[in-house]
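For reference, the structure discussed in these notes is given below.
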Amino acid sequence: MSETEAERKKRLAEALRTNLRRRKAQARESDVAGKTGAAGKARD
1 MSETEAERKK RLAEALRTNL RRRKAQARES DVAGKTGAAG KARD
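Residues in the sequence shown are numbered consecutively from 1, following full-length UniProt numbering.
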């Protein structure tokens, strides 16, 4: 079955939002880990 253009756009838009949320969460996690790691190294 072929999906309509509107269905395709809706599906792709949802996928982009999901990916953006995931990447933002990963960036926050790595930023927190990076700050913790840098502080830990400075104390050694």
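For glycine and all other residues, C-beta sits at the position ideal for the given N, C-alpha and C.
The model shown is predicted, which means the values in this text are computed figures rather than measured ones.
Alpha carbon of ASP31 to alpha carbon of GLU5, nearest angstrom
38 Å
For THR4, name the three-state secondary structure that DSSP assigns. coil
| query | In angstroms, rounded to a whole number, what distance separates the CA positions of LYS35 and GLU7? | reply | 42 Å
**Asked** How long is the line joining the alpha carbons of ALA22 and LYS9, rounded to whole angstroms?
**Response** The sequence given here places Arg at residue 22; Ala does not occur at that position. Spanning the two alpha carbons is a distance of roughly 20 Å.
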